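Chains as they are written, first to last, in this note's numbering: chain Z, 1 to 307; chain U, 1001 to 1203.
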Amino acid sequence: MIIYPFRKPSSSSFLFFLFFFVFQLLPILVLCQQQQQDPLHLHGGSILAMSGSNCIAMAVDSRFGSGPQMIHTCPRTVLLLHSRVMVGLVGLEGDVQSLSHEFSVQMENLKLRRFLGFGFASSSSSSSSSSSTSSYSSQWSKTTSMTPKSASCLMSHLLYQRRTAPYYVEPIVVGLEEIKATCRGQGNDHISNDSNHYNDDDDDDKGDGDDQETMIRYKPFLCAQDVIGAQSKSHAFVCSGVAKKSLYGCAESLWRPNLSSKELVQVCGKAFLSALERDCLSGYGAVLYLMEGGKGIQEIQLSCRND
Amino acid sequence: MDTVIGVQYEGGVILAADQSNARSILTYQSNLDKITKLSPSSALAVSGPNSDLVNFSEYISKNISLYQLSNDGLQLSTHAQANYCRGELATALRKGPYQVNCLLGGYDAPSGKGKGSLYWMDNYAALSKVNYGCQGYASNFCLSIMDRDWTEGLDQDQAVAIVDKCIRELEVRFVMSQPNFIVKVVDKDGVRTLKFGADPADN
Chain Z
1 MIIYPFRKPS
11 SSSFLFFLFF
21 FVFQLLPILV
31 LCQQQQQDPL
41 HLHGGSILAM
51 SGSNCIAMAV
61 DSRFGSGPQM
71 IHTCPRTVLL
81 LHSRVMVGLV
91 GLEGDVQSLS
101 HEFSVQMENL
111 KLRRFLGFGF
121 ASSSSSSSSS
131 SSTSSYSSQW
141 SKTTSMTPKS
151 ASCLMSHLLY
161 QRRTAPYYVE
171 PIVVGLEEIK
181 ATCRGQGNDH
191 ISNDSNHYND
201 DDDDDKGDGD
211 DQETMIRYKP
221 FLCAQDVIGA
231 QSKSHAFVCS
241 GVAKKSLYGC
251 AESLWRPNLS
261 SKELVQVCGK
271 AFLSALERDC
281 LSGYGAVLYL
291 MEGGKGIQEI
301 QLSCRND
Chain U
1001 MDTVIGVQYE
1011 GGVILAADQS
1021 NARSILTYQS
1031 NLDKITKLSP
1041 SSALAVSGPN
1051 SDLVNFSEYI
1061 SKNISLYQLS
1071 NDGLQLSTHA
1081 QANYCRGELA
1091 TALRKGPYQV
1101 NCLLGGYDAP
1111 SGKGKGSLYW
1121 MDNYAALSKV
1131 NYGCQGYASN
1141 FCLSIMDRDW
1151 TEGLDQDQAV
1161 AIVDKCIREL
1171 EVRFVMSQPN
1181 FIVKVVDKDG
1191 VRTLKFGADP
1201 ADN
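Pasting the structure below:
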């Protein structure tokens, strides 16, 4: 920063100030040889995720472009944590790749139980009975799967860490939360989450035995985030990317509750493709990932317009 | 303003770049070599202002050599080199960005992948593995030619023919005059120059 000695503003020195500051700004504006665009709209791409009963579909497009020009067709980056959590990333492609590396590193650290930086080790102390780190580790290794809520919080945290110079990425975190419903006359729902492991007053521990039937239902979890990690959850659908506005409109009109997995594929696919047809920065192929509770993830290729 | 073209074929990669070093209305030199050898089996073709072009390509090539020297001659695969390059661009992006757009082409021996691979990188650190690519205004003219002519399993002559076609097209339709192009090939015999418009060694 260059500091000028204060002078009485006369017309000539005022002009001098003006020219000098404009001159400072010009090199920065000229820096980018491409058109001055919103970084989120430079490389294109869109994602739509919808929920059905016990299943989730996430549709991603395949266009990687530089402004109006298409460079390559390869599906958007979708991180697969395990068979019940997916993270779709769209935005400035360089930041998408950097963020997916960072996220993967964090996941590796958690898997290998290297609790660095986030204080995971200390969070177990809330439990009254098991308050030692080693006990928490054994709890983690028992489940070895992260809930979608936790994945979403982790992603949000990674994005907010760069609050001042954000990653231009708008991720979508989707997943299925297990709900074990035990039918014993009335039926007692309790969510088997890691975060709830300190609830010791569970009815399940009373072994009644004979008439017990444990049904596992899956509750869809959908969360879209903005560039600094503000989470926006929905029980119906979430969208992200350049065609976001069209996608919200299409999804809103086509979605209905309790879709079966076959219906969900049709509804999600149709909503996604209709929105893509109207958007020039997305398209060139679409892939739909269907996540079904207890069955894993299926990849379905959709054909769409190549423009 | 710069033109960089790359075509991957069965057994290697062809990289071509124009040889002019120009800014605004003035051409400083017309025999510049914009394709730097990174390792015995990979090369980086860079487009951008000359300062960043030279700085970036020297930085990357010397760091890759350093890695080799520090690790008992271990050669990085093309995929690793491309990701390293992208990482450098990504780190610099929010500090002092390199305004370079690159094409990195390399050949991996049969124990690795056994074919050439071409990586497209832009100045915002986006990396994409492609079969053919262009940087600069040339992409507006040449990508459609390559879309039509490229197929899986080309040989070197066919790949060079595609590059020649692109260069002819630029001569006819591109408003800027780029009289000289340098064409290099990266294959199992290493990185070598196939042809050039003006000898880069002429100074």
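The C-beta atom is built at its ideal place from N, Cα and C for all residues, glycine as well.
Computed from a prediction, not measured in an experiment: that's the story for all the values here.
In the structure shown, what three-state DSSP assignment does residue 1168 of chain U receive?
Residue 1168 of chain U: helix per DSSP, three-state reduction.
Residue 251 of chain Z: buried (16+ other C-beta within 10 angstroms of its C-beta) or exposed?
Label assigned to residue 251 of chain Z: buried.
If we define contact as Cβ-Cβ less than 9 Å, is residue 1041 of chain U a contact residue for chain Z?
Chain Z, which has no Cβ nearer than 9 Å to the Cβ of residue 1041 of chain U, makes this no.
Taking only the alpha-carbon atoms, compute the straight-line gap between residue 174 of chain Z and residue 221 of chain Z and give it to the nearest angstrom.
If you draw a straight line from the Cα of residue 174 of chain Z to the Cα of residue 221 of chain Z, it comes to about 5 Å.
Below 8 Å between beta carbons is the criterion; list the residues of the region 1138-1165 of chain U that meet it against any residue of chain Z, in chain order.
Listed by position along the chain: 1139, 1140 and 1143.
Limits of the beta strand (DSSP E) - the one that residue 1056 of chain U falls within:
Where residue 1056 of chain U is concerned, there is no enclosing beta strand (DSSP E), although the alpha helix (DSSP H) around it starts and stops at 1050-1070.
Relative to the C-alpha of residue 1208 of chain U, which candidate in U/1165, U/1062 and U/1089 has its C-alpha closest?
Residue 1208 of chain U is absent from the structure shown; chain U starts at 1001 and stops at 1203.
Could you tell me whether the region 1119-1127 of chain U touches the region 1072-1089 of chain U, where touching means 3 or more Cβ pairs closer than 8 Å?
Counting C-beta pairs closer than 8 Å gives three or more between the region 1119-1127 of chain U and the region 1072-1089 of chain U, which meets the contact rule.
Return yes when at least one heavy atom of the ligand COA lies under 8 Å from the C-beta of residue 108 of chain Z, else no.
Within the structure as shown, the ligand COA is missing, as the structure has no ligands at all.
Measuring CB to CB, does residue 284 of chain Z end up less than 9 Å from residue 299 of chain Z?
No. Outside cutoff.
Secondary structure of residue 72 of chain Z, DSSP reduced to three states:
The answer is strand: DSSP assigns residue 72 of chain Z an E or B state.
For residue 1201 of chain U, which residues from the same chain have a beta carbon less than 7 Å from its beta carbon, with the 5 sequence-adjacent residues on both sides left out?
None.
Taking just the CA atoms, how far does residue 164 of chain Z sit from residue 155 of chain Z?
C-alpha separation (whole angstroms): 16 Å.
Can you tell me whether residue 1076 of chain U is helix, strand or coil according to DSSP?
Three-state result, residue 1076 of chain U: coil.
I'd like to know whether the C-beta of residue 1016 of chain U is nearer than 9 Å to at least one C-beta of chain Z.
No Cβ of chain Z is located within less than 9 Å of the beta carbon of residue 1016 of chain U.
Verify whether the separation of the beta carbon atoms of residue 1204 of chain U and residue 1093 of chain U is less than 9 Å.
Since the first residue shown for chain U is 1001 and the last is 1203, residue 1204 of chain U is missing from the structure and cannot be characterised.
Anything in the region 70-92 of chain Z with a Cβ closer than 9 Å to a Cβ of chain U? List those residues in chain order, please.
Cβ contacts with chain U: 70, 71, 72, 74 and 92.
Could one say the Cβ of residue 958 of chain U lies closer than 9 Å to chain Z's Cβ atoms, at least one of them?
This structure does not reach residue 958 of chain U, given that chain U is present from 1001 up to 1203, and the question cannot be answered.
Count the other CB atoms, across all protein chains shown, that sit within 10 Å of the CB of residue 257 of chain Z; report buried if there are 16 or more and exposed otherwise.
It is exposed - the Cβ of residue 257 of chain Z has fewer than 16 other Cβ atoms within 10 Å.
Nearest to residue 1043 of chain U by CA position, among U/1190, U/1203, U/1194 and U/1198, is which residue?
Closest by C-alpha distance to residue 1043 of chain U, out of U/1190, U/1203, U/1194 and U/1198, is U/1190.
Can you tell me whether residue 100 of chain Z is helix, strand or coil according to DSSP?
Helix at residue 100 of chain Z.
Can you list the beta strand (DSSP E) stretches of 3 or more residues lying completely in the region 33-64 of chain Z, in chain order?
Runs found: 46-51 and 55-61.
Buried or exposed: where does residue 259 of chain Z fall if 16 or more other Cβ atoms within 10 Å of its Cβ makes it buried?
Counting every other CB atom within 10 Å of its CB across the protein chains shown gives residue 259 of chain Z a total of 16 or more, marking it as buried.
I'd like to know if residue 1188 of chain U contacts chain A, where contact means its C-beta is closer than 9 Å to some C-beta of that chain.
The chain labelled as chain A is not found among the protein chains of the depicted structure, namely Z and U.
Closer than 8 Å is the cut-off here; do at least three beta carbon pairs connect the region 1005-1017 of chain U with the region 1163-1183 of chain U?
Yes: at least three Cβ pairs fall under 8 Å.
Three or more C-beta pairs under 8 Å: does that hold for the region 48-62 of chain Z against the region 233-240 of chain Z?
With a cut-off of 8 Å, the region 233-240 of chain Z and the region 48-62 of chain Z count as touching, because enough Cβ pairs lie within range.
Could you name the residues of the same chain whose beta carbon sits closer than 6 Å to that of residue 1001 of chain U, not counting the 5 residues immediately before and after it, in chain order?
Once the five neighbours on either side are set aside, residue 1001 of chain U has no close Cβ partner at all.
Short CB-CB distance (under 9 Å) between residue 1086 of chain U and chain Z:
Chain Z, which has a Cβ nearer than 9 Å to the Cβ of residue 1086 of chain U, makes this yes.
Going by the beta-carbon positions, is the gap between residue 1025 of chain U and residue 1185 of chain U smaller than 9 Å?
Contact: no.
Under 9 Å from the C-beta of residue 41 of chain Z: neighbouring residues of chain U:
In chain order: nothing, as chain U lies at least about 13 Å away.
When the Cα atoms are used, what is the spatial distance from residue 295 of chain Z to residue 217 of chain Z?
Those two C-alpha atoms are separated by around 12 Å.
For residue 1028 of chain U, count neighbouring C-beta atoms within 10 Å of its own C-beta (all shown protein chains included) and say buried if the count is 16 or more, exposed if not.
Residue burial annotation: residue 1028 of chain U is exposed, with fewer than 16 other C-beta atoms found within 10 angstroms of its C-beta.
Once the 5 residues before and after residue 1187 of chain U are set aside, which same chain residues still bring their CB inside 6 Å of it?
So the qualifying residues of the chain are 1011, 1012 and 1107.
Ends of the alpha helix (DSSP H) at residue 1142 of chain U?
Counting along the chain, the alpha helix (DSSP H) containing residue 1142 of chain U begins and ends at 1138-1149.
Cβ neighbours of residue 160 of chain Z in the same chain (closer than 7 Å, five flanking residues each side left out):
Correct list, in chain order: 228 and 229.
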